[in-house]
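A.B. asks:
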Amino acid sequence: MDVQLTEEQRQVRELCREFADGELRPNARKWDEEHHFPREAVAKLAELGLLGVAVPPEWGGAGMDHVSYAIAMEEISRGCAGTGVIMSVNNSLYCDPVLRYGSDEQKKDFLAPFARGEKLGCFALTEPMSGSDAAEMQTTAVRRGNEYVLNGTKNFITNGPQADVALVFTMTDRAKAHRGITAFLVPSNTKGFSRGKPDDKVGIRASSSCSLFFEDCVLPERCRLGAEGEGFKVAMSTLDGGRIGIAAQALGIARAAFEAARDYSKDRKAFGKPIAQFQAIQFMLADMATELDAARLLVWRAAALQDEGKRFSAEAAMAKLYASEMSERVASKAIQVHGGYGYIKEYDVERHWRDSRITEIYEGTSEIQRLVISAALLKD
Amino acid sequence: MRFEPTESQDAIRRLARRFAQEHVAPAAAENDRLARFPTELVREAGELGLLAVNVPAEYGGSEAGAVSTALAMIELSAADCAVAVTVGVTNMVAETIARFGSEAQKRHYLPRLAAGEHGPGAFALSEPHAGSDPAALLARAEHRGDHWLLNGAKQWITSGDRASVFVVWARTEAGAGTRGISAFLVEGGTSGVTVGRHEEKMGLRASTTVSLAFEDCAIPADALLGQAGDGFRIAMMALDGGRINIGAQATGTIRAALEASVRYAKDRKTFGVPIAEHQAIRFMLADMRTELDATELLTFRAAALKEAGAAFGREASMAKLFGSEAAQRAVSKAVQIHGGYGYTSEFPVERYFRDARVQTIYEGTSEIQRLVIARDLLRG
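If you read the protein sequences in the order shown, they are chains P and H.
Take 168 as the starting number for the first sequence in our numbering and just add one per residue.
Take 37 as the starting number for the second sequence in our numbering and just add one per residue.
1. Under 9 Å between C-beta atoms, does Tyr95(H) make it to chain P?
2. Does the separation of the CB atoms of Phe336(P) and Leu386(P) fall below 9 Å?
3. Could you check where the beta strand (DSSP E) with Asp323(H) kicks off and where it finishes?
4. Going by C-alpha to C-alpha distance, which of Tyr508(P), Asp367(P), Gly412(P) sits closest to Leu465(P)?
5. Please report the Cβ distance between Glu294(P) and Lys321(P), rounded to the nearest whole angstrom; I am assuming they are in contact, meaning their Cβ atoms lie under 8 Å.
6. To the nearest angstrom, report how far apart Leu146(H) and Val125(H) are at their CA atoms.
7. Is Ala405(H) close to chain P? Criterion is C-beta to C-beta, closer than 9 Å.
8. If the criterion is Cβ atoms closer than 9 Å, does the pair Asp266(H) and Ala219(H) meet it?
9. Return no unless some Cβ of chain P is closer than 9 Å to the Cβ of Ser402(H).
10. For chain P, is any of its Cβ atoms less than 9 Å away from the one on Met238(H)?
11. What distance in whole Å lies between the Cβ atoms of Val385(H) and Val367(H), which are believed to be in contact at a cut-off of 8 Å?
12. For a contact defined as C-beta to C-beta under 7 Å, what are the partners of Glu517(P) on chain H?
13. So, for Ala264(H): in the same chain, excluding its five sequence neighbours on each side, which residues have a beta-carbon less than 7 Å away from its beta-carbon?
14. Rounded to the nearest angstrom, how far is the Cβ of Ile540(P) from that of Ala481(P), given a contact under 8 Å?
15. I need the boundaries of the alpha helix (DSSP H) containing Asn127(H), first residue and last residue.
16. Pick out whichever of Met320(H), Ala301(H), Gly283(H), Gln372(H) has its Cα sitting closest to the Cα of Ala330(H).
17. Please report the straight-line C-alpha distance between Arg50(H) and Leu112(H), rounded to a whole angstrom.
18. Please identify, using Cβ separations under 9 Å, the residues of the stretch 376-407 of chain P that lie next to chain H, in order along the chain.
19. How should Arg69(H) be labelled, buried or exposed, when 16 other C-beta atoms within 10 angstroms of its C-beta is the threshold for buried?
20. Quick one: Cα of Ala187(P) to Cα of Glu242(P), how far?
21. Going by C-alpha to C-alpha distance, which of Trp205(H), Ala175(H), Ala340(H) sits closest to Met37(H)?
22. Nearest by alpha-carbon distance to Glu295(H): which of Thr230(H), Arg325(H), Thr335(H) is it?
23. Please report the Cβ distance between Glu163(H) and Ala134(H), rounded to the nearest whole angstrom; I am assuming they are in contact, meaning their Cβ atoms lie under 8 Å.
24. Counting only C-beta atoms, is Ser113(H) closer than 9 Å to chain B at any point?
25. For Ser299(P), would you say it is in contact with chain H, using Cβ-to-Cβ distances shorter than 9 Å as the test?
26. Just to confirm before moving on: does the CB-CB distance between Asp169(H) and Ala437(P) stay below 9 Å?
27. Ignoring anything shorter than 4 residues or poking outside the stretch 426-484 of chain P, list the alpha helix (DSSP H) runs there in chain order.
28. Do you know how far the Cα of Ile404(H) is from the Cα of Thr244(H)?
29. Just tell me which of Tyr315(P), Arg435(P), Ser355(P), Arg177(P) has its CA closest to the CA of Asp340(P).
30. Would the beta-carbon of Arg463(P) fall within 9 Å of that of Gln273(P)?
31. Going by beta carbon distance, what residues of the same chain come within less than 6 Å of Asn281(H), once the five residues before and after it are set aside?
32. Of all the CB atoms in chain H, is at least one closer than 9 Å to the CB of Asp454(P)?
33. In terms of alpha-carbon separation, which member of Lys368(P), Lys487(P), Gly298(P) lies closest to Asp199(P)?
34. Quickly, what does DSSP pair Leu260(H) with across the bridge? List them, please.
35. Cα-Cα, which of Val229(H), Ala259(H), Arg241(H) is closest to Ser247(H)?
36. For Phe250(H) and Ala293(H), I'd like the C-alpha separation in whole angstroms.
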């Protein structure tokens with residue numbers, strides 16, 4: 168057992184923290200208010216190798232381990248949670264499945280430019296009528312010779328408005344239920360592909376999501392990722408890693424909120440002294456710090472297992488469940504510590520709270536995480 | 037002992053409900069989006085007698101008692117908390133004047149407040165450095181023969197940009213602690229009062245929240261409310277009643293969150309069934325309903341004690357503390373039940389979520405409520 172960071176991991180943390188303090192924190196509020204996708208910041212993330220953190224260098228990535236990825240995600244998200252999810256989707260939900268299931272030819276076209284951050288990917292599983300129950304999807308891909316014809320709608324797709332390629336999950340054989348799902352890489356210039364307008368979200372407003380529409384989109388076989396019927400496995404295994412990304416995002420949000428509360432409590436006076444001298448506030452801060460550390464260890468444990476090539480689904484689910492719910496509690500307490508000032512946009516804590524809320528919903532709701540965890544522990 | 041409203045209390049409830057459902061609720065989303073003050077709705081509330089519910093009829097009030105006030109506030113809050121807080125503060129100001137005002141003050145201000153045509157009422161106690169600790173307020177009033185000169189700054193003043201009358205607290209005697217604070221009635225439009233910036237709030241966006249600057253603001257000698265030195269006591273008594281309002285607000289919030297959640301849960305399907313069939317969702321709805329009833333009963337208990345002329349401070353604090361914290365849980369569950377849809381402006385639950393957050397902060401934070409309750413139960 169060793170919980171110390173390696174030199175490389177320390178360096179990644181330093182690099183990302185510096186970037187977040189310099190480029191993200193000063194702009195996050197503006198981006199949130201304007202619902203603005205931070206192109207320039209994302210380009211800089213690319214230069215730092217952060218859009219393909221765990222992708223091997225031969226495929227354009229930074230070749231780092233998943234603990235480093237979790238560290239990077241936490242630091243970036245502390246600066247701007249929206250930028251964090253842009254990064255997480257490209258890394259975990261797009262590059263990772265292409266790396267694991269793609270042919271070399273696919274990796275050349277569909278992985279390398281994305282790991283380098285020259286292009287952006289997205290993950291299109293959710294539909295208007297199927298979120299938690301992914302296998303109920305209605306989007307279809309019908310085989311026609313050595314092509315497929317896609318029809319359907321996906322919604323709430325993060326990076327959807329900007330993506331160059333969408334990893335799309337379709338039903339190719341409904342009789343086989345979840346074993347009849349197949350994944351495709353759909354370039355955004357495919358005829359018949361269109362996008363809805365961006366969703367108006369409560370938080371993570373620097374990132375954008377939208378619906379994707381497929382109307383008789385014709386895809387060559389080389390756009391199919393993995394085998395026919397392997398799609399559900401692609402999606403579920405991908406989400407395991409994605410959950411670590413989101414859990415780390417939640418850590419960043421929570422840490423930003425905690426630090427703001429800690430600093431404010433030393434400053435703000437009531438009844439003749441800084442509120443940090445009241446037990447009520449001290450206890451809140453103590454709980455916040457403890458939960459944050461516990462969540463981080465859960466995240467690093469899952470990432471370390473992933474690095475060792477071991478099964479990590481239950482651990483990733485625990486990390487995501489706990490870190491996301493923790494981030495909402497911590498951000499909420501941070502607002503409470505700020506009193507009225509916590510409710511106005513001039514201070515960052517209200518944004519941190521709004522940002523935290525989605526972490527309990529996307530990439531598998533807390534309810535789904537509980538099902539995954541209980542299934543694992545109830546197994547014989 | 038009875039737990040049902042009387043006939044006349046129910047009449048007020050029905051009146052308020054109709055107004056809330058037919059006029060307030062349909063305008064809520066857009067007023068929030070535009071941060072637009074609902075001038076027309078406040079005027080209509082006046083016409084319906086909802087701005088001075090617990091004020092004697094001879095001064096233009098509805099003379100319907102504290103329970104009816106709570107019932108009306110619940111209905112308004114279920115539709116739009118921004119309207120509810122505007123109406124609630126107006127009622128609080130009206131009751132304060134009715135209780136502590138001279139005959140002349142009552143005759144001058146109460147009919148105008150009740151009618152709602154000249155603007156809502158405003159309660160100017162908090163300052164930038166005095167929130168939880170109002171005794172630390174710095175605003176001062178100097179007696180100059182036939183008038184007073186007010187100097188100071190107030191913060192967080194609901195409707196402060198358009199009030200027909202402000203109750204303003206200021207120190208009239210240095211070195212006398214809470215006994216050196218007095219309350220004054222300042223007519224809207226008095227020169228020497230400057231409205232500062234409008235706070236950009238996370239929620240309650242249709243309600244205005246401003247800072248006020250008093251610079252050698254001259255008010256007549258008879259602007260003093262009650263006796264010199266009565267101010268702190270007046271504020272605390274007003275807030276006791278205000279806390280019942282927040283208990284009522286929380287009740288309305290939880291009810292709206294629950295109704296939306298039940299509707300959605302019966303409709304939305306996952307894994308072949310409406311999500312209302314899943315234990316996880318059932319447990320959430322059960323908890324929401326239980327806490328709704330508890331909040332409502334705590335609120336009615338405090339209101340009934342107030343109406344009976346009994347001491348009700350601790351009960352009001354409990355209603356506010358419990359209700360506001362239960363509301364947080366309820367609106368968060370409502371978002372969770374709606375999944376991704378709960379995070380976008382397409383559904384009302386994200387507004388309930390944003391609007392509810394301030395309930396544990398204003399009119400005495402949860403921390404202050406805990407101090408009030410503990411002090412009371414440890415007495416003697």
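Where is the CB? At the ideal position from N, CA and C, for every residue including glycine.
Keep in mind the model is a prediction, meaning the values are calculated, not measured.
C.D. replies: A quick look at the data gives this:
1. no
2. no
3. Not the beta strand (DSSP E): Asp323(H) falls in the alpha helix (DSSP H), residues 315-343.
4. Gly412(P)
5. 6 Å
6. 14 Å
7. One detail in the question is off: residue 405(H) reads as Gln in this sequence, not Ala. Chain P, which has no Cβ nearer than 9 Å to the Cβ of Gln405(H), makes this no.
8. yes
9. yes
10. yes
11. 7 Å
12. Met238
13. Thr208, Ser218
14. 6 Å
15. 117-136
16. Gly283(H)
17. 11 Å
18. Ser376
19. exposed
20. 7 Å
21. Ala340(H)
22. Arg325(H)
23. Not a contact, Cβ separation roughly 26 Å.
24. Reference to chain B is not applicable here, since the protein chains of this structure are P and H.
25. yes
26. yes
27. 446-474
28. 24 Å
29. Tyr315(P)
30. no
31. Met109, Gly124
32. no
33. Lys368(P)
34. Phe220(H)
35. Val229(H)
36. 40 Å
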